[in-house]
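What follows is a set of notes on a single structure, which appears directly below.
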Amino acid sequence: MGRGARCGGGAVSRAPVVCRWKRHARSVGPARAELRKTLALWGLGAVEEAAVLVLSELVTNAVRHAQVAPGREIKTRFSLVAEGLRIEVHDACSVRPERRRVVGDDACEGRGLVIVEALADSWVAADRHGVGKVVWALLRHSEVNDSVGGKR
3 MGRGARCGGG AVSRAPVVCR WKRHARSVGP ARAELRKTLA LWGLGAVEEA
53 AVLVLSELVT NAVRHAQVAP GREIKTRFSL VAEGLRIEVH DACSVRPERR
103 RVVGDDACEG RGLVIVEALA DSWVAADRHG VGKVVWALLR HSEVNDSVGG
153 KR
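All letters in the sequence shown, in the order written, are residues 3 to 154 by our numbering.
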């Protein structure tokens, strides 16, 4: 787990895993590692690649675009729901992300939500209770559905 991160939940009970990260680019890698660890414990390796890419894009967006003071925390939440694996990223900025209409071939940025849309079955940006927003993505997969339904 990354320095400055606080996580809880998960392992044995498959309860949601909630982590708090400093709003800094160095938090993206440890957040990915925490998701990988969680998916391995939950036996969901088949969704790892897509899930890690989605998380990476959402956390990077929160770090880069949430116009709040550096050092403010970002919260991630990984949970198994009836529909699949839900990946949430919470931040203190109420401005919702928007997918860019056109991204040039040479652009170094602007593809994050395009990647999220391509890999996730759905994604939503919504106000959260209090200050800020939550952006979440849902990845459907038979392993996740079997796991939630108790067939595993």
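A virtual CB, placed ideally from N, CA and C, is assigned to each residue, including glycine.
To the nearest angstrom, how far is it from the Cα of residue i to the Cα of residue j?
i, j, result
"Ala64", "Glu119", "17 angstroms"
"Ala33", "His67", "17 angstroms"
"Ala17", "Ala127", "23 angstroms"
"Lys153", "Ser15", "Low confidence applies to Lys153: its pLDDT is 44, below 50, so where it sits in the model is not reliable enough to give any reading."
"Gly134", "Leu41", "27 angstroms"
"Gly10", "Phe80", "11 angstroms"
"Arg88", "Ser124", "10 angstroms"
"Leu140", "Ala52", "11 angstroms"
"Thr44", "Arg98", "In the sequence as displayed, the identity of residue 44 is Trp instead of Thr. Their Cα atoms are separated by approximately 31 angstroms."
"Lys24", "Arg74", "6 angstroms"
"Gly31", "Ala122", "20 angstroms"
"Gly132", "Arg22", "17 angstroms"
For the candidate residues the options, whose alpha-carbon lies nearest to that of residue i?
i, options, result
"Val137", "Ser96, Ser15, Pro18", "Ser96"
"Val20", "Ala52, Gly45, Ile76", "Ile76"
"Leu60", "Ser144, Asp93, Cys9, Glu36", "Asp93"
"Val56", "Glu90, Arg74, Lys39", "Glu90"
"Thr82", "Val49, Ala35, Arg22, Arg25", "Correcting the residue identity first, residue 82 is Leu in this sequence and not Thr. Checked all of Val49, Ala35, Arg22, Arg25; the closest Cα to Leu82 is Val49."
"Ala84", "Ala122, Ser144, Ala35", "Ser144"
"Val116", "Arg130, Arg74, Ser58", "Ser58"
"His26", "Glu36, Val54, Thr62", "Thr62"
Look up residue i in the DSSP assignment and say whether it is helix, strand or coil.
i, result
"Ser29", "helix"
"Glu85", "coil"
"Gly10", "strand"
Would a C-beta distance cut-off of 8 angstroms place residue i and residue j closer than the cut-off?
i, j, result
"Arg142", "Gly86", "yes"
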